[in-house]
Amino acid sequence: MIPPTFARAFTPARRSDDGIPMTSTRRWASVAAMLFALLLAATVIPDGQVFTCTPTRVWDGDGPIWCREGMHVRLAGIAAREMDGSCRPGQPCPKASALAARDALVNLLGGAQGHTSTGHILVDGHTMRCLSTGNARGNRTGAWCAAPSIGDLSCAMIRTGTVLRWDRYAQGRCRSR
Numbered sequence: 154m155i156p157p158t159f160a161r162a163f164t165p166a167r168r169s170d171d172g173i174p175m176t177s178t179r180r181w182a183s184v185a186a187m188l189f190a191l192l193l194a195a196t197v198i199p200d201g202q203v204f205t206c207t208p209t210r211v212w213d214g215d216g217p218i219w220c221r222e223g224m225h226v227r228l229a230g231i232a233a234r235e236m237d238g239s240c241r242p243g244q245p246c247p248k249a250s251a252l253a254a255r256d257a258l259v260n261l262l263g264g265a266q267g268h269t270s271t272g273h274i275l276v277d278g279h280t281m282r283c284l285s286t287g288n289a290r291g292n293r294t295g296a297w298c299a300a301p302s303i304g305d306l307s308c309a310m311i312r313t314g315t316v317l318r319w320d321r322y323a324q325g326r327c328r329s330r
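Take 154 as the starting number for the sequence shown in this note's numbering and just add one per residue.
The following block contains the structure:
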C-alpha cells in the first residue's frame, strides 16, 4: 500500500485548458464565474419588483432592450412589428415599419452608438427605473420603464406613432388625452 502523503506528492495537479495548474481557489473562481453567467442569462425580474436598467443594445421597437445589469426588457403595453415586417397573430399591428419603430426607440434612448454582427443596435442610454410585469418569454422581463428626460418609455414610443398601445397589457396606462 502506498502511503497517502506519498500518493499526493506524485499526483499531477489538474490543469485548465490554458495549461495552468487548477488550484482550489482557481477552480472555485471558475465555477462562480459560470454560475454568475447562468444567472445573468436567465434573469427575469419577478412581477411587481422595481429595478434599474442601463440600456446597452436594442433589437426592435418594443424590445428587448439589453441592460448593463444583465436583464433583457420587453416594454410593457405596446406592440411593434417584428423585424421581418410581420405582426404576430392576436396583437395590434402598427402601420410603421419595424425599422422605424426600432430607430425611434434607439433615438429615445440617446441614439445609435454602432451595431453588432447580429443586427442589434448599440446604445449608451441613461439608467432607467423599471417596474416588472413579470416574464415576457425567452428570458425577457416585461416592464414599464421611465427614463429621466422622457418619462414613461412605452408611452413615449406610442407618441412616436411607430408602435400601438396594446390594450390587453396596457393596464390603463398611456391613454390619449
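Every residue gets a Cβ at the ideal spot worked out from N, C-alpha and C, and that includes glycine.
Other residues of its chain near residue i: CB distance less than 6 Å, five sequence neighbours each side excluded
i	result
residue 216	226, 227, 228
residue 294	197, 198, 224, 226, 285
residue 244	232
Cβ separation of residue i and residue j, assumed to be a contact under 8 Å, to the nearest whole Å
i	j	result
residue 310	residue 231	6 Å
Buried/exposed call for residue i, threshold 16 Cβ in 10 Å
i	result
residue 324	exposed
residue 318	buried
residue 238	exposed
residue 255	buried
residue 320	exposed
Straight-line gap, residue i to residue j (C-alpha atoms, nearest Å)
i	j	result
residue 335	residue 211	Within the shown structure, residues of the chain are numbered from 154 to 330, placing residue 335 beyond reach of any answer.
residue 298	residue 209	15 Å
residue 301	residue 280	8 Å
residue 242	residue 312	23 Å
residue 196	residue 282	17 Å
residue 206	residue 264	16 Å
residue 326	residue 306	11 Å
residue 236	residue 252	7 Å
residue 316	residue 328	14 Å
residue 222	residue 249	31 Å
residue 220	residue 278	10 Å
When the options are compared against residue i, the one with the closest alpha-carbon
i	options	result
residue 308	265, 261, 267, 268	261
residue 271	199, 201, 213, 198	213
residue 257	269, 222, 314, 292	314
Close beta carbons around residue i, own chain, < 7 Å, minus the five adjacent residues each side
i	result
residue 240	234, 246
residue 303	261, 309
residue 284	203, 296, 297
residue 200	285, 286, 287
residue 259	211, 265, 274, 276
residue 268	274, 275
residue 322	229, 230
Beta carbon proximity, residue i to chain D, threshold 8 Å
i	result
residue 316	Absent here is chain D; the protein component of the structure consists of one chain.
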